[in-house]
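Residue numbers (the UniProt record's numbering): 1 to 260.
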């Protein structure tokens, strides 16, 4: 096998490692996308709940599965991992590229502002309420129709996959003002959507809302918004621990180099 002129063994080795890493990214991202997309298909096309177990059966307004934050969180994951694949193929996963392609900038922003904090928010709040009283989020009567594996994909795997993405793939976090704005707009939009559903049907999406007075509901919402904000900073902190020092040192020439 002949070596290209002007190349070295080290260069060829780095090139091979980069291609292998890219192939690994594509494989993992594609597998994760297939799992989440298949889960969405199952939820919308195959998941059959008896009408007697749904409060919306006789309601004049029934938004279906789109009433749940979990579903919106899953949709975000599908969109995010699709963008990951596009970035693997047409963008870059380098730590500090000189110029980030649009798809890489989009990937970094969505992961920081939505994919990570929303996945963690859905998982943390779901399992916390399940621990307190599962009837508030997933009544036991639904166990016969809601498979255990579906529950864990929607409320456990989303946390694991987005955390692993944080650890194995570098990103450049957006300015806090931009990242938090995207997150809070999404949270506020879902809050408005939940109240639209209540206004049109007279039914709260989550039973926990029925046992709270309006003052307690407002306090509950404020706590949830605070939790989402905290989870954003948790993601930023994890990113700084694993990639922060490298981000500062790579691709930024020193003053001595500039003076040469």
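Glycine residues also receive a C-beta, built at the ideal position from the N, C-alpha and C atoms. If you're wondering where the values come from, they're calculated on a predicted model, not measured in any experiment.
- Scanning the region 170-221 for uninterrupted alpha helix (DSSP H) segments of 4 residues or longer gives 176-201, listed from N- to C-terminal end.
- Contact between residue 76 and residue 115 holds: their C-beta atoms lie close to 6 Å from each other, under 8 Å.
- By the Cβ-count criterion, residue 67 is buried, with 16 or more other Cβ atoms from all chains shown falling within 10 Å of its own Cβ.
- Secondary structure of residue 38 (DSSP, three-state): helix.
- Taking every protein chain shown into account, the CB of residue 107 has 16 or more other CB atoms within 10 angstroms, so this residue is buried.
- With 16 or more other Cβ atoms inside 10 Å of its own Cβ, residue 117 counts as buried.
- Taking every protein chain shown into account, the CB of residue 123 has 16 or more other CB atoms within 10 angstroms, so this residue is buried.
- A residue is called buried once 16 or more other Cβ atoms fall within 10 Å of its Cβ, and residue 202, having fewer, is exposed.
- Per DSSP, residue 143 lies in no alpha helix (DSSP H) segment and is marked neither H nor E.
- Here the region 132-140 does not lie against the region 96-105, with fewer than 3 beta-carbon pairs under 8 Å apart.
- The three-state reading of DSSP puts residue 235 in helix, counting H, G and I together.
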